[in-house]
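Notes follow the structure.
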Amino acid sequence: MEPKFLSQLIRDYDQLLKLPCEAYEWVLPHLKQINLKRGTVIKKSGSVDMASRYLCEGFIGSYKPIGERLMLSAIYKLSDTVFDESSFRTGIASNTVLKTISKVIFMEFPQEVEINLLDTHASLASLAHKVAHRIMERNARVYQISKLGLSHGYEVLMKEFPGLEAEITNSDLASFFGVHNRTVERWKHNLKRHDHE
1 MEPKFLSQLI
11 RDYDQLLKLP
21 CEAYEWVLPH
31 LKQINLKRGT
41 VIKKSGSVDM
51 ASRYLCEGFI
61 GSYKPIGERL
71 MLSAIYKLSD
81 TVFDESSFRT
91 GIASNTVLKT
101 ISKVIFMEFP
111 QEVEINLLDT
121 HASLASLAHK
131 VAHRIMERNA
141 RVYQISKLGL
151 SHGYEVLMKE
161 FPGLEAEITN
171 SDLASFFGVH
181 NRTVERWKHN
191 LKRHDHE
């Protein structure tokens with residue numbers, strides 16, 4: 001595991017709640033660094049999500065299968081916690097798919113270990129509460145952006161997710177904003193033409 005990613009995680013969580021160093025000593029042995037290529041499925045439809053993930057680099061999408069297509073419903077970036085919340089919390093399989101939008105690096109934390117640590121360490125439970133609040137806020141923000149529509153939301157999305165523009169497919173943009181692929185292609189073509197004028 002690369003020390004820079006551990007430092008990144010601790011610095012980030014210290015902004016939410018400063019914990020003594022020994023609190024992380026309970027957590028670190030259970031964290032696993034995962035490096036994945038673009039387009040890799042992390043959680044399949046019909047499975048149970050048994051881990052949470054702290055995203056260190058790249059972008060991950062949460063998708064809902066509709067017919068043969070995967071519809072992008074949420075996007076995660078650096079410092080986001082990524083998991084299928086309903087499946088993770090209930091232990092019940094869901095149709096949600098988690099898939100990488102770009103090359104990614106994340107820290108994976110098994111659910112079973114998380115439950116045990118939260119039950120035995122009050123300071124970690126306090127941090128988990130703050131992380132859960134941040135997850136809700138960030139998910140709500142991504143949902144707000146999707147509801148702005150392509151013409152208003154695209155610029156906001158790219159501003160709040162630097163580097164996403166080079167990685168996200170037209171198909172994902174179309175499903176995220178609720179439009180057709182052709183609409184995205186036309187809109188991007190017009191955007192490029194406008195930029196050159």
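The numbering of the sequence shown is the UniProt record's numbering, which starts it at 1 and goes up by one.
Beta carbons: idealized from backbone N, C-alpha and C, even for Gly.
Use the C-beta contact count for residue i: other C-beta atoms within 10 angstroms, 16 or more gives buried, fewer gives exposed.
i: Lys-77; result: buried
i: Tyr-63; result: buried
i: Val-156; result: exposed
i: Asp-119; result: exposed
Express the C-alpha separation of residue j and residue i in angstroms, rounding to a whole number.
i: Gly-39; j: Ile-101; result: 6 Å
i: Ile-34; j: Glu-114; result: 18 Å
i: Tyr-24; j: Ile-60; result: 25 Å
i: Ser-171; j: Lys-43; result: 20 Å
i: residue 201; j: Phe-161; result: Residue 201 lies beyond the range of the chain shown here (1 to 197); nothing can be said about it.
i: Ala-132; j: Leu-124; result: 12 Å
i: Pro-29; j: Leu-98; result: 25 Å
i: Gly-153; j: Phe-176; result: 10 Å
i: Asp-84; j: Thr-96; result: 7 Å
i: Met-71; j: Pro-65; result: 6 Å
i: Met-1; j: Leu-127; result: 22 Å
Where DSSP assigns a beta bridge to residue i, which residues make up the other side?
i: Pro-110; result: Ala-51
i: Val-104; result: Leu-36
Using DSSP with H/G/I as helix, E/B as strand and the rest coil, what is residue i?
i: Phe-161; result: coil
i: Ile-135; result: helix
i: Leu-148; result: coil
i: Pro-20; result: coil
Report task. Only counting runs of 4 or more residues, tell me where the alpha helix (DSSP H) segments fall wholly within the stretch 26-98, in order along the chain. Result -> Within the stretch 26-98, the alpha helix (DSSP H) runs of at least 4 residues that lie entirely inside it are, in chain order, 85-90.
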